[in-house]
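Enquirer: Quick note: the sequence shown, position 11, residue 63 per the numbering used here, numbers continuous.
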Amino acid sequence: MDLVALIAAGVALAAALVATYVAIAALRELKKIRAQTRLTREEREERGVRQSLKDEGFTDEEIADALRATGTSRE
Numbered sequence: 053m054d055l056v057a058l059i060a061a062g063v064a065l066a067a068a069l070v071a072t073y074v075a076i077a078a079l080r081e082l083k084k085i086r087a088q089t090r091l092t093r094e095e096r097e098e099r100g101v102r103q104s105l106k107d108e109g110f111t112d113e114e115i116a117d118a119l120r121a122t123g124t125s126r127e
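#1: Do the stretch 105-115 and the stretch 76-90 touch if we need at least three Cβ pairs shorter than 8 Å?
#2: Just the Cα atoms here: how many angstroms apart are L69 and D54?
#3: Taking the beta carbon of I115 as the centre, do at least 16 other beta carbons fall within 10 Å, making it buried, or is it exposed?
#4: Using a beta-carbon distance below 8 Å, is Q103 in contact with chain C?
#5: Once the 5 residues before and after T92 are set aside, which same chain residues still bring their CB inside 8 Å of it?
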């Protein structure tokens with residue numbers, strides 16, 4: 053094996069390692085972003101309750117008071 057081919061193989065291996073590292077870092081960041089934007093089950097339920105009450109004509113203040121009184125509010 054001549055020196056040029058050996059150097060080329062080393063450069064290709066280094067490039068593959070860097071690409072793998074970058075891909076893993078990107079996946080970790082994506083996982084963090086998804087975890088931050090994912091709603092918990094309780095948050096989804098609360099949003100559903102809030103929307104239902106709004107649809108029935110309750111004000112935001114009345115809804116917040118009711119959720120606090122029942123202990124289901126995140127506030």
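Positions of the beta carbon are idealized from the N, C-alpha and C atoms, including for glycine.
Bear in mind the structure is a predicted one, so any value in this text is a computation, not a measurement.
Expert: This is what the structure holds:
#1: no
#2: On the sequence shown, residue 69 is found 17 positions in, with the first residue counted as 1. On the sequence shown, residue 54 is found 2 positions in, with the first residue counted as 1. Cα to Cα, L69 sits roughly 23 Å from D54.
#3: Working through the sequence shown from its first residue, we reach residue 115 at position 63. So I115 ends up on the buried side.
#4: Among the chains of the structure shown, chain C does not appear; only one protein chain is present.
#5: Along the sequence shown, one-based indexing puts residue 92 at 40. The answer is none, since no qualifying residue turns up.
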